[in-house]
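Residue numbers (the working numbering): 280 to 472. The beta carbon of each residue, even a glycine, is placed where N, CA and C say it ideally should be. Reviewing the structure listed below.
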Amino acid sequence: MELTKRQNEIINASIDLIATNGIQNFTMKALSKGIGISEPAIYRHFDNKLAILLTILQTIDDDMQSFETKYNISENGTLDDVNKMLQFQMECFVKKPSLAAILFSEEIFQNDLQLSKKVVSIMNNRSMLIEKVIIREQEEKIVRSDIDAKVLTNIIMGTVRLVVNKWKLAGSKTDLCAIYLSHWEAVSLLLKV
Numbered sequence: 280m281e282l283t284k285r286q287n288e289i290i291n292a293s294i295d296l297i298a299t300n301g302i303q304n305f306t307m308k309a310l311s312k313g314i315g316i317s318e319p320a321i322y323r324h325f326d327n328k329l330a331i332l333l334t335i336l337q338t339i340d341d342d343m344q345s346f347e348t349k350y351n352i353s354e355n356g357t358l359d360d361v362n363k364m365l366q367f368q369m370e371c372f373v374k375k376p377s378l379a380a381i382l383f384s385e386e387i388f389q390n391d392l393q394l395s396k397k398v399v400s401i402m403n404n405r406s407m408l409i410e411k412v413i414i415r416e417q418e419e420k421i422v423r424s425d426i427d428a429k430v431l432t433n434i435i436m437g438t439v440r441l442v443v444n445k446w447k448l449a450g451s452k453t454d455l456c457a458i459y460l461s462h463w464e465a466v467s468l469l470l471k472v
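Rendered as structure tokens:
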């Protein structure tokens, strides 16, 4: 998704505002004050707050898609590649903790069908990719096949969600990447033959 310079400024200011004040205090008025432009100027670039949040979600999805494409994870990926992809996501969250707050904020998505559909789409895309890799590695006798690939995928996705949510609740102060890696090592032991 190509954004103009001003749209990027608005998106980055929105992410910063959410990081500072929380998603519940993200308003066009606060954004206008934070970025130093009028509300009508923001509306020239985005129809509403929903459009900004959808663009942030699309940016997260685009970044992950780029990573997946770069390493051809869909066609040739291994569990190690899935680990690298998830590490990349953790590093993105560490750089901008509000991205995790946006992606994992169920309360803002429960009230908006468009936002919830986008988040579900992002989660489904990651799940399908991980499941595809697991199935391939089950066929190659690298990953255990006595547990369904969907269940193993849910174990991975659930572990990631738990680690990120605990990190957010701790004020993003712990070492997310190290905690993720220790959990990945444990999950890997469960997966491998």
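Mind checking residue i: buried by the 16 CB within 10 Å criterion, or exposed?
i	result
Gly301	exposed
Gln393	exposed
Thr334	buried
Gln303	exposed
Val398	buried
Met280	exposed
Leu441	exposed
I'd like to confirm the pairing. Which residues does DSSP put opposite residue i in its beta bridges?
i	result
Val422	Lys471
Below 8 Å between beta carbons: does that hold for residue i and residue j?
i	j	result
Val443	Phe388	no
Ile401	Thr432	no
Ile421	Lys471	yes
Leu282	Ile290	yes
Asp391	Leu468	no
Ile352	Ile297	no
Grab the span of the alpha helix (DSSP H) containing residue i for me, first residue to last.
i	result
Lys375	First-last for Lys375: undefined, no H or E at that position.
Leu431	428-448
Arg285	284-300
Lys452	It is not in any alpha helix (DSSP H) - Lys452 carries neither H nor E in the DSSP assignment.
Met307	307-314
Asn355	352-355
Sufficient close CB pairs (3 or more, under 8 Å) joining the region 360-370 to the region 337-347: Between the region 360-370 and the region 337-347 there are three or more inter-stretch CB-CB distances shorter than 8 Å, so the stretches are counted as touching.
Are the region 309-324 and the region 376-387 in contact at 8 Å, needing three or more beta carbon pairs? Two segments are said to touch when three or more pairs of C-beta atoms, one from each, lie closer than 8 Å; by this definition the region 309-324 does not touch the region 376-387.
Would you check if there are 3 or more beta carbon pairs closer than 8 Å linking the region 403-410 to the region 343-360? yes
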